[in-house]
Amino acid sequence: MRKMTLRAYVDLLRLEDVLRRHAFYFKAARSAIEIYLKLYDNPLTNESKQQEINSENLSAKELKKILSKQRRAQKKAKLEEERKHAERERQQKNQKKKRDEEEEETSGLKEELIPEKLEKIENPLEEAIKFLIPLKNLVADNIDTHLLAFEIYFRKGKFLLMLQSVKRAFAINSNNPWLHECLIKFSKSVSNHSNLPDIVSKVLSQEMQKIFFNKDLESFNEDFLKHNASSLQHLLSGAKMMYFLDKSRQEKAIAIATRLDETIKDKNVKTLIKVSEALLDGSFGSCNSQYEEYRMACHNLLPFTAVFLPAVNEVGSHTATLNHTANYDVLANEI
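According to our numbering, the sequence shown is numbered sequentially starting from 4.
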């Protein structure tokens, strides 16, 4: 083999590392890991079961419309799956004609990526680790790599790997809001597992003292909120942990997370959406009324942001009110 050919081959092998270090790959891998974490936390039900609908705030007409739309979507998905199945059978027949038996045994037809199969994965955490390993090897200087690792190991109950993840993240940025959540969840989980081996418990307690300085979790969280009083991202994380530690403090936690006064510096679309998502995903328990109030406040602050736009029926009622007022004024002027 010529030296030039060998160099080209080595460069090609190194290209994989270059691609996995790229910001776009990191973004895609992070999205994949987050999806698998959500699939682990909220496994999807069987196709025969209808998706649960929160009908508390829906009228009978709206509920009927949603159910009808779901049935049409299911029918369309079924027809699409049948079409794909027929297409796969046709491709298999064509391949059998073109290839001889030997080639069929060695290569065969590549399995098509079917969303329904991907979302019903048996071990989502193991699939998430496949995306995590390249990040740990090649993007170790990014704090999100270690926080994603913690989220996986937290669900697997791997305490030493959880400790490794938070220590590496702490060394990069000790004041990161996501890290703060991980630290409190980690400490709480350790205290809830009293049956750990003695050597593991000893290592965990020694390392946690270096981070918490013998403070209890409530005091640690209060200090975090005080030191980051002007950052909405930090206030959100601190408020979530306040509710996590004490469910009776829901109102105070929501009040902290939904602050929009002039002292808050990072009142941007991305951060406000994070707060609204936290109000909906159960981070503060059931708080539909508080979410609606916050959505309206954000709409007044950012009137052209689609996420915070009022519902169609709200817009219709508001328009009807304006028209009624206008008609009344015209009638009064005529009189």
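Think of the CB as a built atom: it goes at the ideal place given N, C-alpha and C, for glycine as much as any other residue.
The count of Cβ pairs closer than 8 Å, one atom from the segment 178-185 and one from the segment 232-246, reaches three, so the stretches are in contact. Cβ atoms of N140 and F29 stay farther apart than 8 Å, at about 12 Å.
Rounded to the nearest angstrom, the gap between the Cα atoms of K123 and L47 is 7 Å. The beta carbons of Y294 and L283 sit about 6 Å from each other, so the pair counts as a contact at 8 Å. Under the DSSP assignment, S190 falls in the alpha helix (DSSP H) whose first and last residues are P180 to N195. Taking 4 residues as the minimum length, the alpha helix (DSSP H) runs contained wholly in the segment 262-323 are 272-283 and 291-304, in order along the chain. Of the candidates S292, H149, E119 and K79, the residue whose Cα lies closest to the Cα of K170 is H149. One Cα belongs to K250, the other to P137, and the distance between them is close to 38 Å. In the three-state scheme derived from DSSP, where H, G and I count as helix and E and B as strand, K123 is classed as coil. Within the same chain, Y28 come within 7 Å of L22 by CB-CB distance, once the 5 residues on both sides are set aside. In this structure A256 is buried. Its beta-carbon is surrounded by 16 or more other beta-carbon atoms within 10 angstroms. Annotated three-state conformation of D249 is coil, per DSSP. The three-state reading of DSSP puts I117 in coil, since its state is none of H, G, I, E or B. In this structure, the beta-carbon distance from I267 to L235 falls below 7 Å.
Counting only residues of its own chain and dropping the five nearest sequence neighbours on each side, F162 has a CB closer than 7 Å to the CB of V193, L199, V203 and L207. Classified as buried, Y246 has 16 or more neighbouring CB atoms from the shown chains inside 10 Å of its CB. The criterion of a C-beta distance shorter than 7 Å is satisfied by A300 and L263.
Counting C-beta atoms within 10 angstroms of its own C-beta, Y12 has fewer than 16 neighbours from the protein chains shown and is therefore classed as exposed. By the 16-neighbour rule on beta-carbons within 10 angstroms, V310 is exposed. Q212 and T308 have their alpha carbons spaced roughly 44 Å apart. In the three-state reduction of the DSSP assignment, G160 falls in the coil class, being assigned neither a helical nor a strand state. In the DSSP assignment, D226 falls within the alpha helix (DSSP H) that extends over L220 to H230. Each residue's CA atom was taken as its position, placing K78 and H88 some 15 Å apart. With 16 or more other Cβ atoms inside 10 Å of its own Cβ, F173 counts as buried.
Here the alpha carbon of E221 sits roughly 31 Å from the alpha carbon of A143. Cβ-Cβ separation between E154 and L248: approximately 19 Å, too far for a contact (criterion under 8 Å).
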